[in-house]
Amino acid sequence: MEQKAFDIVVVGAGPGGMCAAIAAADAGASVVVLEALDQIGGNAVWSTGYLVFCNYDMQDERGLKDSEEHFMNDARAEVARQQELYGIVWDEALTRLYAKGMAATYRFLRRYGVTFERLIERPLQHTVHRMAKLDDTFALRPAFERAFAERNIPVVYKTRARRLLSDQGRVTGVRAANTDGVETDYIARRGVVLATGGYQANAKIRRRYQPEHLANTPYLGVETCRGDGHLMGQSMGGDLINMTMVQPLVMVASLFVEDVIAVNLAGERFHDEAGPYDDRVHALLAQSERKAFYIFDDATFNAKKHLVNEMPGELHSADTLAELAAKMGCPAGTLEKTVATWNAMLASDATRDPLFGRVVMPSGRKGITAGPFHAARMVLGVNFPAGGFRTTLSMAVVDVHGDPVSGLYAAGDTVGGVNPCLGLGGIHISSAMTLGFVAGGAAARQETGSVHALPESGDLPATRAKQKIAIVHLPQERAEPAR
Ligand SMILES: Cc1cc2nc3c(=O)[nH]c(=O)nc-3n(C[C@H](O)[C@H](O)[C@H](O)COP(=O)(O)OP(=O)(O)OC[C@H]3O[C@@H](n4cnc5c(N)ncnc54)[C@H](O)[C@@H]3O)c2cc1C
Numbered sequence: 002m003e004q005k006a007f008d009i010v011v012v013g014a015g016p017g018g019m020c021a022a023i024a025a026a027d028a029g030a031s032v033v034v035l036e037a038l039d040q041i042g043g044n045a046v047w048s049t050g051y052l053v054f055c056n057y058d059m060q061d062e063r064g065l066k067d068s069e070e071h072f073m074n075d076a077r078a079e080v081a082r083q084q085e086l087y088g089i090v091w092d093e094a095l096t097r098l099y100a101k102g103m104a105a106t107y108r109f110l111r112r113y114g115v116t117f118e119r120l121i122e123r124p125l126q127h128t129v130h131r132m133a134k135l136d137d138t139f140a141l142r143p144a145f146e147r148a149f150a151e152r153n154i155p156v157v158y159k160t161r162a163r164r165l166l167s168d169q170g171r172v173t174g175v176r177a178a179n180t181d182g183v184e185t186d187y188i189a190r191r192g193v194v195l196a197t198g199g200y201q202a203n204a205k206i207r208r209r210y211q212p213e214h215l216a217n218t219p220y221l222g223v224e225t226c227r228g229d230g231h232l233m234g235q236s237m238g239g240d241l242i243n244m245t246m247v248q249p250l251v252m253v254a255s256l257f258v259e260d261v262i263a264v265n266l267a268g269e270r271f272h273d274e275a276g277p278y279d280d281r282v283h284a285l286l287a288q289s290e291r292k293a294f295y296i297f298d299d300a301t302f303n304a305k306k307h308l309v310n311e312m313p314g315e316l317h318s319a320d321t322l323a324e325l326a327a328k329m330g331c332p333a334g335t336l337e338k339t340v341a342t343w344n345a346m347l348a349s350d351a352t353r354d355p356l357f358g359r360v361v362m363p364s365g366r367k368g369i370t371a372g373p374f375h376a377a378r379m380v381l382g383v384n385f386p387a388g389g390f391r392t393t394l395s396m397a398v399v400d401v402h403g404d405p406v407s408g409l410y411a412a413g414d415t416v417g418g419v420n421p422c423l424g425l426g427g428i429h430i431s432s433a434m435t436l437g438f439v440a441g442g443a444a445a446r447q448e449t450g451s452v453h454a455l456p457e458s459g460d461l462p463a464t465r466a467k468q469k470i471a472i473v474h475l476p477q478e479r480a481e482p483a484r
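Residues are numbered in this note's numbering as their position in the sequence shown, beginning at 1, plus a constant of 1.
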């Protein structure tokens, strides 16, 4: 078996792993990154590209006042909402560490030429506008390639870490195999950072934590998020939290939702299409036959074809709304009236949709006007799970007995503590990066940090949503193969 030795071995080159590698190199360590795919970037390059930051120039330019405390209040309210639905353990101290470091992450990205288009408004979740949209998610790749080149960080592509190596309870490296099956031991003199993303592409793992009918729902990200890091960390006794929180989503890109309305079999709108993720799921499940469609015109179809193509449900198209209604199985007159009402609202100066309180409008307030018209079936699936390791504030993995695992760190979706507030939107990539920097620096300095207590049962204050959300038992739907 060939052996190669470095100070730090980072497993996975998504946003968490990339930032961990950079911070470790900046702290003077020699670093190698193992990546199962043939490119860096992980799910971040395929994502919608919404990133949350607080106290940064895009907010300043709009005169918006934000603070770490304000973000924490929004996070706390979101966790209270999620406690109605899942058994969760929220690491408030870790979330605060993320909040403190967000602005520095933004400045790092800007320094490497990453640009943002605009602030996205999600007032029900972020009570101050703080979610920025990347101009181009693929621009993350050249930015991080440059950061790696400047620090001589090698990436070993098409190489999947399979096992942790250990000696008397201390993690000492990683055994990995390339696509030809050739195995190499990557020795880590100071530490290993697990940054392998989530377990959403692994139906076997999902089945342990999700009901059967949900464990098979589709996922649209990279196929290598198979929970390898979760399993490897478990082999060292790592304490996994929030594993059952695999939030069902309506499979649709946020960028696409801006331009569409959702209509049920009665031909009527039934919810805020851009509202909180779980509200959308519950709204869909409450419809007759649990069936509904996103309606849009040909201009949107042509402008966002790639987003339409990635939706897993059936697509109907017709020259007129009446013909489309026939294909959907809803009354033509009602569909025409619903679209006309939406278009009239957009043509007015209303900033809030009077029916469902929607505030996210199409860019330029473009209506659904010119045929052909399209209807894409709304389908449930998953983008990201919440479960991952409990860690210290130095991102050292904590074991089931409450002690740090020597030599083992985690970043990104392999960490569980921040994820209960995922319904805020935009927290995954920026927290993976911000806490990834912490993980890499701490690993290079061999700091484990001390273990802090986490609440075991929810005592968070009731929120408006606590009264609103009802537990919905999801239907036994036709099983979709997990990708
Ligand atoms: C469709 C979609 C849209 C999204 N939109 C947003 C958004 O707008 N905003 C947001 O904040 N989040 C979004 N997310 C979530 C976000 O992309 C992820 O949460 C984030 O990328 C996680 O970062 P990570 O570093 O943990 O891992 P990932 O980005 O998941 O990357 C993990 C990397 O590890 C590699 N890997 C896995 N196992 C191994 C192994 N054994 N050996 C070597 N390499 C391995 C993988 O190939 C991959 O490159 C979205 C996700 C999806 C799927």
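Cβ coordinates follow ideal geometry from the N, Cα and C atoms, glycine included. Everything numeric in this text was worked out from a predicted model, so none of it was measured.
query = Taking 7 Å as the cut-off, is the CB of Y259 close to at least one heavy atom of ligand 1?
reply = Here residue 259 corresponds to residue number 258 of the sequence shown, with the count starting at 1. Correcting the residue identity first, residue 259 is Glu in this sequence and not Tyr. No, the beta carbon of E259 sits no closer than 7 Å to any heavy atom of ligand 1.
Delimiting residues of the alpha helix (DSSP H) encompassing Q83 = By 1-based counting over the sequence shown, the position of residue 83 is 82. From DSSP, the alpha helix (DSSP H) with Q83 extends over E69 to Q83.
message = With a threshold of 6 Å on Cβ separation, who are the neighbours of K305 within its own chain once the five nearest residues in sequence on each side are excluded?
response = The sequence position of residue 305 within the sequence shown is 304, counting from 1. So the list reads F257, once near-sequence residues are dropped.
inquiry  = Does the distance between the C-beta of V236 and the nearest non-hydrogen atom of ligand 1 fall short of 7 Å?
reply    = The residue labelled residue 236 in the question sits at position 235 within the sequence shown. Reading off the sequence shown, one finds Ser at residue 236, where the question assumed Val. S236 Cβ: outside cutoff for every heavy atom of ligand 1.
message = By alpha-carbon positions, which one of A37, G15, V129 and M73 ends up nearest to R63?
response = For this step, residue 63 is matched to residue 62 along the sequence shown. Per the Cα distances, V129.
ask   = Just how far apart, CA to CA, sit D240 and V80?
value = In the sequence shown, residue 240 corresponds to position 239, counting from 1. In the sequence shown, residue 80 corresponds to position 79, counting from 1. Roughly 20 Å between the two C-alpha positions.
ask   = Closer than 7 Å: is that where the CB of V90 sits relative to any heavy atom of ligand 1?
value = Counting from 1 along the sequence shown, the entry for residue 90 is found at position 89. Not under cutoff, so the answer is no.
key: G155 versus V90: straight-line alpha-carbon distance, rounded   = For the purposes of this step, residue 155 is taken as the residue at position 154 of the sequence shown. For the purposes of this step, residue 90 is taken as the residue at position 89 of the sequence shown. A quick correction: the sequence has Pro, not Gly, at residue 155. One C-alpha to the other measures close to 36 Å.
inquiry  = Rounded to whole angstroms, what is the Cα-Cα separation between I296 and V261?
reply    = Against the sequence shown, residue 296 aligns to sequence position 295. Against the sequence shown, residue 261 aligns to sequence position 260. Distance between the alpha carbons of I296 and V261: 6 Å.
request  = Determine which residues share a DSSP beta bridge with M132 and list them.
outcome  = For this step, residue 132 is matched to residue 131 along the sequence shown. Looking at the DSSP output, M132 bridges to V53 and I121.
task = Using the DSSP secondary-structure output, state which residues sit across from H317 in a beta bridge.
result = Here residue 317 refers to the residue found at position 316 when the sequence shown is read from its first residue. Looking at the DSSP assignment, H317 forms a beta bridge with A376.
inquiry  = Which same chain residues end up closer than 6 Å to E3 when comparing Cβ atoms and leaving out the 5 residues on each side of it in sequence?
reply    = Position 2 of the sequence shown, counted from the first residue, corresponds to residue 3. Excluding sequence neighbours, E3 sits near T185.
request  = Would you kindly report the start and end of the unbroken beta strand (DSSP E) that includes P277?
outcome  = Counting from one through the sequence shown, the residue named residue 277 turns up at place 276. Unbroken run through P277: none, as it is neither H nor E.
key: Delimiting residues of the alpha helix (DSSP H) encompassing L232   = As a first step, residue 232 is located in the sequence shown; it is residue number 231 there, counting from the start. Note, L232: alpha helix (DSSP H), D229 to S236.
request  = Could you check the C-alpha separation between G418 and S318 for me, to the nearest Å?
outcome  = Translated into positions along the sequence shown, residue 418 becomes position 417. Translated into positions along the sequence shown, residue 318 becomes position 317. Distance between the alpha carbons of G418 and S318 is about 44 Å.
inquiry  = I'd like to know if the segment 419-437 and the segment 42-61 are in contact, where contact means that at least 3 CB-CB pairs between them fall below 8 Å.
reply    = yes
ask   = Looking at A28 and A445, is the spacing between their C-beta atoms short of 8 Å?
value = The sequence position of residue 445 within the sequence shown is 444, counting from 1. The sequence position of residue 28 within the sequence shown is 27, counting from 1. Between A445 and A28, the C-beta spacing is below 8 Å.
ask   = Do E448 and S395 come within 8 Å of each other at the CB atom, strictly closer than that value?
value = Stepping through the sequence shown from its first residue, residue 395 is reached at position 394. Stepping through the sequence shown from its first residue, residue 448 is reached at position 447. Cβ atoms of S395 and E448: closer than 8 Å.
query = Leaving out the 5 sequence neighbours to the left and right, which residues in its chain are closer than 6 Å to F438 when beta-carbon positions are compared?
reply = Counting from one through the sequence shown, the residue named residue 438 turns up at place 437. Only C20 and A24 meet the Cβ criterion.
request  = Using alpha carbons as the reference points, say which of L455, I9 and G13 lies closest to E224.
outcome  = Taking the sequence shown and counting its residues from 1, one reaches residue 224 at position 223. Comparing C-alpha distances from E224 to each of L455, I9 and G13 shows the shortest one belongs to G13.
query = Which value, in whole angstroms, describes the spacing of the CA atoms of E85 and N74?
reply = One-based indexing of the sequence shown puts residue 85 at position 84. One-based indexing of the sequence shown puts residue 74 at position 73. Going from the Cα of E85 to the Cα of N74 covers about 18 Å.
key: Delimiting residues of the beta strand (DSSP E) encompassing Y187   = Working through the sequence shown from its first residue, we reach residue 187 at position 186. For Y187, the enclosing beta strand (DSSP E) starts and ends at E184 to L195.
query = Should the segment 264-276 be regarded as contacting the segment 345-353, the criterion being three or more beta carbon pairs within less than 8 Å?
reply = Not touching, per the Cβ criterion.
inquiry  = Mapping the DSSP letters down to three states, classify V398 as helix, strand or coil.
reply    = Taking the first residue of the sequence shown as 1, we reach residue 398 at position 397. Reduced to three states, the DSSP call for V398 is strand.
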